[in-house]
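Note that my numbering numbers the sequence shown so that position 52 is 52, with each residue one more than the last.
Ideal placement from N, C-alpha and C gives every residue a C-beta, glycine not left out.
Here the structure is a predicted model, which is why all the values come from computation and not from measurement.
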Amino acid sequence: MSQILLASNEKPATEELTAPVREFIAAVNADDLPAAIDRLASDSVHHGRISNYRPEGVQVLFRLLRGVLPDLRFEIRDMRVDGDRVVSRIVGTGTHTGSYLNKPPTNRPIAWESVDIATVGRDQRGEVVILERFWDVFADARAWQEIGFIPAIMC
């Protein structure tokens, strides 16, 4: 990954650091994946429990989630800035109305909580973007087990 971190003597306002994270979530909620991906550095890495993704993989992941949970929505409940990192507690919700892995829809609502740790820096144009993310949208295994995606033994 290229080194485009904020210079150590540069102290941007908290809002400047949290903006790309808020904008990413707002774009996902609006089902505008191109706008969400625009908030990521082109060589960013999204680390998750299942796999690590580049921006193209992030698009695939959220298209998949949107197909299973068409009313997918994320809400930022808490945000903290620590240096060049933005730590967010996020609650996801949706209704399981799409099939996945040969599992029919249950039409049940699902809610889960996850933590997003985004490293933020500047891209080549000088725009503040997300360089790296550690976020596991499957963090709350019990919620996914309830609708049959994860066997109870894994929870």
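The closest CA to that of residue 37, considering only 57, 51, 49, 84, is found on 57. For residue 30, there is no enclosing alpha helix (DSSP H), as DSSP gives it neither H nor E.
By the Cβ criterion, the segment 54 to 71 is in contact with the segment 25 to 45, since at least three pairs of Cβ atoms, one from each stretch, lie closer than 8 angstroms. Of all alpha-carbon atoms in 125, 126, 49, the one lying nearest the alpha-carbon of residue 135 is that of 49. Per DSSP, reduced to three states, the secondary structure at residue 127 is coil, with no helix or strand assignment. Distance check between residue 126 and each of 143, 40, 24 places 40 closest, using alpha-carbon atoms only.
Residue 87 and residue 81 have their C-alpha atoms some 6 angstroms from each other. Pairing residue 116 with residue 94 gives a Cβ-Cβ distance that is not under 8 angstroms. Listed as beta-bridge partners of residue 134 by DSSP are 47, 117. For the set 142, 131, 141, the Cα lying nearest the Cα of residue 54 is the one of 131. Taking a contact as a CB-CB distance under 8 angstroms, the pair residue 99 and residue 105 counts as one, their CB atoms being some 6 angstroms apart. By the neighbour-count criterion, in which 16 or more other beta carbons inside 10 Å mark a residue as buried, residue 101 falls on the exposed side.
Per DSSP, residue 94 is one residue of the beta strand (DSSP E) stretching across 85 to 95.
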